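Note sheet for the following structure.
Number of protein chains: 2
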Amino acid sequence: MSASARVPSFGCTCARLRKLARRVTRIYDAYLAPQSIKVTQFSLLVNATSRERTVSEFAAELEMDRSTLSRNLAPLVAQGWVSIAIGADTRSRSISVTAAGRRKLKAALPLWRKAQCEVESMLGTESVAQLHQNIRQALATLPNPTGKHA
Amino acid sequence: MSASARVPSFGCTCARLRKLARRVTRIYDAYLAPQSIKVTQFSLLVNATSRERTVSEFAAELEMDRSTLSRNLAPLVAQGWVSIAIGADTRSRSISVTAAGRRKLKAALPLWRKAQCEVESMLGTESVAQLHQNIRQALATLPNPTGKHA
DNA sequence: TGCATATAGGTGTAACTACACGCATATGCT
DNA sequence: AGCATATGCGTGTAGTTACACCTATATGCA
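Protein chains in written order, with numbering that gives the first Met the number 0: chain A, 0 to 149; chain B, 0 to 149.
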């Protein structure tokens, strides 16, 4: 009945999402730590293996700023897991996973799997499926102002 | 039928969660930009207004590393929105929102509300409710290795 | 061919995140 | 009271994220 009754029904969606992301990231990172790789880097490596891509293409797929991707690739390049070559278009760069990167991926995969399964078993397969469905729907629905913004 | 059939059923939960968090954060930040405040800072301010807390207490609530909170508070202090005083225990610090902070909060609230409502209307109230429920359950279930880790 | 424009990518800056570690203060035990 | 230990917090270091802007190359048009 108060004057501010029109406040949204839930807590800040963004804050809750970030909080969960922090929690989950810590869990995955803890599992991956023995292989000295972070879940963000692991994901980059996994996604990069499928095929070669330019920075812009990869950034678009990941819905990440180009400059962010550039910086996130740097440690992978430093570790020798990824190499960045000049593309057909001289301005572009072609991202590829090195042999060492594939080895690292292979070594880290079981640890990632443990983290993934652990989370799944703790939350329950049902809940995880629902969460993934929610995320999928949200990503399909929400606007994506990545890169240059209107 | 392959040897690696035991891979988890979904994509990396952590990566998907982070991707959505990036997307949603960009949306909220875009709405809040006119007030020169980010959603992370806005959340900090909102949560800090309820009562005074030490850094450790606040970090525990936010499930954020103490050092992270320290650093995230710095820009708020620099803007004069938050003040940090020495607590009863001389080692501790008492975090409080200043008058300027409350003004900033008041000015930013409608923008936050717009973002929150926009997201809710795009996803549908139903879906947002379900997402929040999923997040709540996950936060209640998953272990929280914040701070010193076992 | 040559210039204007568009595009690919990186840098500067700044904030968010966390672990390891160190400093200072508080507490407990003798 | 004095010392060992525990606790609160910041710093060092490193990675993640994004916007503004710059450089270099490619493209399109005269």
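All C-beta atoms, glycine included, are put in the ideal place defined by N, C-alpha and C. Nothing here was measured: the structure is a model prediction, and the numbers come from that model.
Practice problem: With 8 Å as the threshold, decide whether the Cβ of serine 35(B) is near any Cβ in chain A. | Solution: no
Quiz item: In angstroms, rounded to a whole number, what distance separates the CA positions of leucine 31(A) and leucine 19(B)?
Solution: 22 Å
Practice problem: Please work out which residues of its chain come closer than 7 Å, Cβ to Cβ, to threonine 24(A), disregarding the five sequence neighbours upstream and downstream, and give them in chain order. | Solution: Contacts found: Val38.
Quiz prompt | is_contact[leucine 130(B), chain A] using C-beta, thresh 8 Å | solution = yes
Quiz item: Does DSSP put isoleucine 83(A) in a helix, a strand or coil?
Solution: strand
Quiz item: What's the C-alpha gap between alanine 99(B) and glycine 79(B)?
Solution: 7 Å
Practice problem: Report all residues from its chain with a CB closer than 6 Å to the CB of serine 42(A); omit the five preceding and five following residues, and keep chain order. | Solution: none
Quiz item: Grouping DSSP H, G and I as helix and E and B as strand, with all else coil, what is serine 66(B)?
Solution: helix
Quiz prompt | Endpoints, alpha helix (DSSP H) assigned at serine 55(A) | solution = 54 to 61
Quiz item: Going by C-alpha distance, which of Ser120(A), Glu60(A), Trp111(A) and Arg52(A) is nearest arginine 92(A)?
Solution: Arg52(A)
Quiz item: Closest Cβ-Cβ distance between glutamine 115(A) and chain B: below 8 Å?
Solution: yes
Quiz prompt | From Leu72(A), Thr97(A) and Thr12(A), residue whose alpha carbon lies closest to that of threonine 48(A) | solution = Thr97(A)
Quiz item: Hey, how far is the Cα of glutamine 115(A) from the Cα of leucine 138(B)?
Solution: 16 Å
Self-check item: Reduced DSSP category for isoleucine 26(B) - H, G, I as helix; E, B as strand; rest coil
Solution: In the structure shown, isoleucine 26(B) adopts helical secondary structure according to DSSP, grouped into three states.
Quiz item: Which class does isoleucine 94(A) belong to by DSSP, given the choice of helix, strand or coil?
Solution: strand
Quiz item: Does the distance from the C-beta atom of asparagine 133(B) to that of glutamine 40(A) stay below 8 Å?
Solution: Contact: no.
Self-check item: Burial state of threonine 89(A), where buried means 16 or more other Cβ atoms lie within 10 Å
Solution: exposed
Practice problem: Give the straight-line distance between the Cα atoms of serine 95(B) and leucine 104(B), rounded to the nearest whole angstrom. | Solution: Between serine 95(B) and leucine 104(B), the alpha-carbon positions lie close to 13 Å from each other.
Quiz item: What do you get for threonine 12(B), buried or exposed, if any count of 16 or more other CB atoms within 10 angstroms of its CB means buried?
Solution: buried
Quiz item: Nearest to threonine 140(A) by alpha carbon, out of Ala87(B), Arg15(B) and Val118(B)?
Solution: When only C-alpha atoms are compared, the closest one is Val118(B).
Practice problem: Please determine, among Ser35(B), Ser120(B) and Ala29(B), the residue with the shortest C-alpha to C-alpha distance to proline 74(B). | Solution: Ser35(B)
Quiz item: Which residues, taken in chain order from the segment 79 to 92 of chain A, show a beta carbon closer than 7 Å to some beta carbon of chain B?
Solution: Considering only beta carbons, no part of the segment 79 to 92 of chain A lies closer than 7 Å to chain B.
Quiz item: Excluding sequence positions up to five away, which residues of its chain have a Cβ less than 6 Å from the Cβ of arginine 15(A)?
Solution: none
Practice problem: Determine the contact status of valine 76(A) and serine 82(A), defining contact as a CB-CB distance below 8 Å. | Solution: Yes, they are a contact pair.
Exercise. Classify serine 126(B) as helix, strand or coil using the three-state DSSP reduction.
Key: helix
Quiz item: Taking the C-alpha atoms as reference points, what is the distance between leucine 72(B) and phenylalanine 57(B)?
Solution: Leucine 72(B) and phenylalanine 57(B) have their C-alpha atoms roughly 11 Å apart.
Quiz item: Is the Cβ of threonine 140(B) closer than 8 Å to any Cβ of chain A?
Solution: yes
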